[in-house]
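Taken in order, these protein sequences are the chains called A and B.
Start counting the first sequence at 383; every next residue gets the next number (my numbering).
Start counting the second sequence at 269; every next residue gets the next number (my numbering).
For glycine and all other residues, C-beta sits at the position ideal for the given N, C-alpha and C.
Treat the numbers as computed from the prediction; the structure is a model and nothing was measured.
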Amino acid sequence: MTDEPKGEAPPEMNGDADNGEKSGWAAFMDDLTGVNVDWRSAVLVPVLAMTAALAVSVLIIVASDIELWRSFSISALGDSFGQAGSAMWALLTGSLGSLAAVSSTLAFAAPLILAGLSVAIGFKAGLFNIGAEGQMLMGGMVAVALGITIDIPVFLNVPLAIIGAMIGGGIWGGIAGLLRARTGAHEVITTIMLNSIAGLAVVWMLSTKFFQPEGRLDPVSEDIAVSARLPRLLGFLDRSDVRVHLGIVVALIAAYAIYWVLFKSTIGYEFRAVGFNPNAAHYGGMRVTWLYTSVMALSGALAGLAGMAQINGLLYRASPGFAAGIGFDAISLALLGRSHPAGVVAAGFLFGALRAGGIEMQVATDVPVDLISVIQALVVVFIAAPALIRAIFRVKTGEEIGQLTTGWGT
Amino acid sequence: MATLELKGITKRFPGVLANDQVDLKVSSGEILGLLGENGAGKTTLMNILYGLYGADEGEILIDGEPQQFSGPGDAISAGIGMVHQHFMLVPVFSVTENVVLGVEPVGFGGVIDMKEAKKEVRDISKQYGLEVDPDAVIEDIPVGIQQRVEIIKVLFRHAEFLIFDEPTAVLTPQEVEEFFGILNGLKEAGKAIIFITHKLKEVLEVSDRIAVLRRGAMVGEAEPATATENDLATLMVGRPVELVVNKETSDPGAAVLEVRDLVVIGDRDQMALAGVSFDVRAGEIVGVAGVQGNGQTELVEALTGLRDVTSGTVKISGTEVTHATPRQIHGHSVAHVPEDRQRSGLVMPFTITENVVLDAYYEEPYSHGISMDWKAAREKAADLVEQYDVRTPSTEIPASSLSGGNQQKVIVAREFGRDVKLVIASQPTRGIDVGSIEYIHERIVEERDEGAALLIVSTELDEVLALSDRILVMFDGHIVAEYQGGSVTAAEIGLSMAGAAP
């Protein structure tokens with residue numbers, strides 16, 4: 383029968399032959415998180431992928447060095463590698479080398495983690511939310527609208543912004559979920575379309591009197607009230623370059639909340655069941671269509687929070703494209719973090735560090751900040767191709783990344 | 269006279285010895301029955317023979333010459349042909365197009381020579397008595413004929429050694445008889461045949477020699493002339509097995525399930541159920557026999573809330589549940605063993621614990637309000653694993669790493685492991701080994717003796733005959749016959765299954 387190869391071919395089993403018997407460290411991690419995960423594979427693959435991506439980036443820096451091609455010599459090659467080395471060093475110091483650097487990493491990480499969680503929870507439920515960018519914009523616009531009209535004490539105004547942004551993003555995500563549930567329209571298509579709609583809607587909104595400051599003709603909003611801004615965590619230092627704000631706390635709380643929802647709550651059990659097998663979920667008495675809608679709404683709410691973190695934590699006003707591609711980086715992030723909240727947090731710190739370090743790298747070494755996108759892309763390529771990692775590093779990486787979403791029209 | 273020989277084949281997967289020093293030999297004009305439970309290593313062995321896996325040790329000899337297969341292509345050119353259990357046919361192509369797929373006779377300018385292809389198909393079909401219309405489209409012809417197309421495909425590629433993997437699983441009793449005729453025809457034409465199955469009766473009927481595989485090793489050979497089903501079962505399982513279901517005569521009580529004039533539309537907008545009425549009473553097992561695709565799937569889905577009912581009524585214990593949701597039906601103490609355990613019965617990447625609460629996760633004690641109580645779930649899972657003899661190292665491993673029989677036991681444990689008034693079980697023993705079948709049948713009878721009403725749908729006629737107190741036969745969306753269990757033969761039911769008036 384069909385299941386026979388399964389019984390006979392344990393390569394399809396959960397990673398190593400360690401079922402039930404885990405090493406101390408893995409068992410500790412299981413206890414810590416309360417989940418049974420193949421930790422060796424979950425940690426090893428991303429780390430090796432990152433290593434491989436950085437190595438390839440060094441080669442790209444060398445290969446794109448115009449001086450090297452002008453005078454092709456051993457010493458020029460040495461210079462190029464030297465430059466690549468200082469670029470990598472700048473990447474490191476710019477992200478971790480000082481209080482300001484670390485704080486900048488954390489400030490960048492906050493919206494990345496929130497948007498990454500948004501995509502990750504979609505993956506867990508078998509939905510591919512490409513619309514985090516648009517949901518960020520919609521959530522962020524709600525936060526702007528509240529921030530420029532309401533000025534109440536900070537301990538009320540910030541929660542108001544948080545709730546408003548979640549509702550804004552949630553509705554935008556929920557639309558895609560509802561379309562999937564009611565009409566079967568695939569969320570990949572609808573969220574891409576909704577991204578465009580959101581992007582253009584933001585431009586239109588920012589040219590209305592409600593948002594636009596007097597005397598301005600370009601699409602930009604007024605600044606939000608100071609009471610709506612996410613407080614700087616190290617504000618008492620009174621240093622303008624230490625930018626870490628409450629957003630990172632919001633992100634970490636959100637990550638824990640999502641972890642709890644996924645693995646400890648009944649609805650999270652439903653999300654995961656639907657993600658792996660909608661037929662079995664239906665059989666088990668779950669309302670699959672309702673779940674699709676609620677997952678997309680929750681996913682959108684998290685993306686909305688990411689938009690809020692951009693506006694209320696960093697920019698203090700909206701201009702077109704304030705989501706800055708974070709909603710798309712979020713997809714890589716969720717993949718890198720294996721759709722697990724802890725993984726997303728780790729990946730968010732990494733991408734935040736790359737963004738913070740990338741700026742330093744450009745300033746210090748003339749290597750364009752665009753290289754950061756290349757590194758991120760390479761990480762995803764290596765993650766998506768575990769066979770490649772296996773071949774390069776000669777390691778056994780356990781299971782492949784399973785199916786993340788359901789196919790077209792299913 | 270061609271001979272195919274496997275010598276000392278060993279194949280290891282991490283943690284498991286799938287094949288252990290297996291020797292096998294088959295010659296022209298001979299049918300070798302290869303018997304074994306699921307997970308015994310039959311499929312691995314055949315995949316090695318077909319070039320899909322490489323063996324860790326041992327060799328494959330054809331006429332004494334060692335062979336090196338690096339893929340099915342090599343195996344095919346060495347004269348090995350495989351008829352898979354799940355047919356590899358393109359549904360919208362004609363018979364001829366399917367047969368020549370990949371090895372098309374090409375005429376001038378790279379154009380496929382369909383005339384030549386059709387002629388060859390006709391020749392093969394005449395030579396071996398495999399009647400088919402070369403122009404028929406696959407999706408329009410019955411499964412039995414589709415199987416013939418698969419055989420023609422293999423013969424078209426000049427196979428001398430034919431491997432059949434569970435060929436009878438999808439056939440009606442009549443089709444099985446015809447299939448055996450074909451097998452004998454091939455044998456007389458000088459082909460060497462390996463017939464893989466776990467059905468004892470069939471292997472005894474058609475084989476010249478029987479080889480039994482258990483836990484990856486060849487545990488013995490048997491002569492069909494002298495061996496009995498019990499001998500083979502013992503050899504296969506490693507302990508004596510009860511092949512007959514022992515049960516007292518039933519003493520039915522009040523009707524638990526009442527179905528009246530049920531009309532249900534199928535996936536292809538056809539009338540899947542065209543007005544079906546029956547009762548299932550407490551303490552009674554009602555078996556539904558029929559060839560796959562005559563409305564049984566839709567019947568079970570409609571009764572369990574998975575499919576919309578167009579008209580008619582369904583009552584459970586007197587309460588109307590015609591349009592109830594699966595959860596409401598579950599609330600009426602109904603156990604549902606679904607037809608396809610991997611498609612809908614289990615979430616394969618979930619652990620046993622997570623699967624055990626699949627349809628009760630929202631109830632106490634597994635959840636309080638919005639939070640799950642995994643401790644309670646783990647305890648329940650540990651209980652059930654012990655009580656239902658699920659072979660697993662832990663309750664925290666994914667269902668996908670269990671064998672088919674153990675997966676089915678997890679479902680049966682989940683569904684029977686609480687108070688149930690009505691059991692609706694579809695193909696409760698499909699594709700699982702004799703030992704597990706025995707076990708699940710015992711549980712079914714036990715539920716009946718405890719007063720539950722049971723509706724068992726199965727395409728295995730033997731199973732329906734063995735279990736049922738009453739038998740309903742479905743054909744084309746109707747119940748065409750009803751028999752009392754014990755007073756009817758397989759042949760009579762077989763005729764009704766084919767649509768003949770009772």
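Cβ of residue i within 9 Å of any chain B Cβ
| i | result |
| --- | --- |
| A:Arg-654 | yes |
| A:Phe-658 | yes |
| A:His-664 | yes |
| A:Ser-325 | For residue 325 of chain A there is no data in the structure shown, the boundaries of chain A being 383 and 792. |
| A:Asn-577 | no |
| A:Arg-720 | no |
| A:Thr-415 | Any answer about A:Thr-415 is weak, because its pLDDT of 47 lies below 50 and its placement is not dependable; what the coordinates show is given next. False, the Cβ-Cβ gap to chain B never drops below 9 Å. |
| A:Gln-564 | Going by the sequence as given, residue 564 of chain A is Arg instead of Gln. By this cut-off, A:Arg-564 is not an interface position. |
| A:Phe-592 | no |
| A:Gly-667 | yes |
| A:Gly-504 | no |
| A:Leu-661 | Residue 661 of chain A is actually Asn in this sequence, not Leu. Answer yes: the Cβ-Cβ gap between A:Asn-661 and chain B drops below 9 Å somewhere. |
Test: residue i CB closer than 9 Å to a CB of chain A
| i | result |
| --- | --- |
| B:Tyr-629 | yes |
| B:Thr-565 | no |
| B:Met-350 | no |
| B:Val-411 | no |
| B:Met-640 | yes |
| B:Ser-736 | no |
| B:Glu-622 | yes |
| B:Ser-694 | no |
| B:Ser-612 | yes |
Nearest residue (CA-CA) to residue i, options the options
| i | options | result |
| --- | --- | --- |
| B:Gln-676 | B:Pro-340, B:Gly-745 and B:Arg-611 | B:Arg-611 |
| A:Tyr-665 | A:Leu-634, A:Ala-655 and A:Tyr-674 | A:Ala-655 |
| B:Leu-503 | B:Lys-515, B:Glu-683, B:Val-487 and B:Ala-720 | B:Val-487 |
| A:Leu-519 | A:Ser-480, A:Val-540, A:Gly-464 and A:Leu-576 | A:Leu-576 |
| B:Lys-293 | B:Ile-692, B:Ile-597, B:Phe-429 and B:Gln-353 | B:Phe-429 |
| A:Ala-691 | A:Asn-511, A:Thr-675 and A:Gly-709 | A:Gly-709 |
| A:Glu-604 | A:Ile-532, A:Thr-487, A:Ala-563 and A:Ala-567 | A:Ile-532 |
| B:Val-732 | B:Val-290, B:Val-559, B:Phe-448 and B:Phe-361 | B:Val-559 |
| B:Asp-537 | B:Asp-576, B:Val-512, B:His-746 and B:Tyr-318 | B:Asp-576 |
| A:Leu-528 | A:Ala-662, A:Leu-430, A:Thr-572 and A:Gly-546 | A:Gly-546 |
| A:Phe-731 | A:Ala-567, A:Ile-549, A:Ile-606 and A:Leu-499 | A:Leu-499 |
Counterpart residues of residue i in DSSP-defined beta bridges
| i | result |
| --- | --- |
| A:Asp-623 | Answer is none; A:Asp-623 lacks a bridge partner. |
| B:Ala-460 | B:Glu-298 and B:Phe-429 |
| B:Arg-477 | B:Leu-300 |
| A:Arg-681 | The amino acid occupying residue 681 of chain A in the given sequence is Ser; Arg does not appear at that position. According to DSSP, which records beta bridges pairwise, A:Ser-681 is partnered with nothing at all. |
| B:Arg-482 | B:Ala-485 |
| B:Phe-743 | B:His-746 |
| B:Gln-335 | B:Ile-328 |
| B:Val-527 | B:Phe-546 and B:Val-582 |
Residue i (DSSP reduced to helix, strand or coil)
| i | result |
| --- | --- |
| A:Leu-414 | Residue placement at A:Leu-414 is poorly supported in this model, since its pLDDT is 49, which falls under 50; the coordinates are not used for a value here. |
| B:Lys-279 | strand |
| A:Met-518 | helix |
| B:Ser-764 | helix |
| B:His-604 | strand |
| A:Asp-398 | Any reading at A:Asp-398 is ruled out, since the residue's pLDDT is 34, under 50, leaving its predicted position unreliable. |
| A:Arg-737 | helix |
| A:Gln-594 | coil |
| A:Ala-483 | helix |
| A:Arg-562 | helix |
| B:Gly-751 | According to the sequence provided, residue 751 of chain B is Tyr. The question's Gly does not apply to it. Looking at B:Tyr-751 - three-state DSSP - the assignment turns out to be strand. |
| A:Ile-574 | helix |
| B:Thr-465 | strand |
| B:Asp-403 | coil |
Exposed unless 16 or more other CB atoms sit within 10 angstroms - verdict on residue i
| i | result |
| --- | --- |
| B:Trp-642 | buried |
| A:Arg-621 | exposed |
| B:Val-379 | exposed |
| B:Val-389 | buried |
| B:Met-356 | exposed |
Check: residue i C-beta below 8 Å from any heavy atom of the ligand ATP
| i | result |
| --- | --- |
| B:Leu-430 | Looking at this structure, you won't find the ligand ATP or any other ligand, since it has none at all. |
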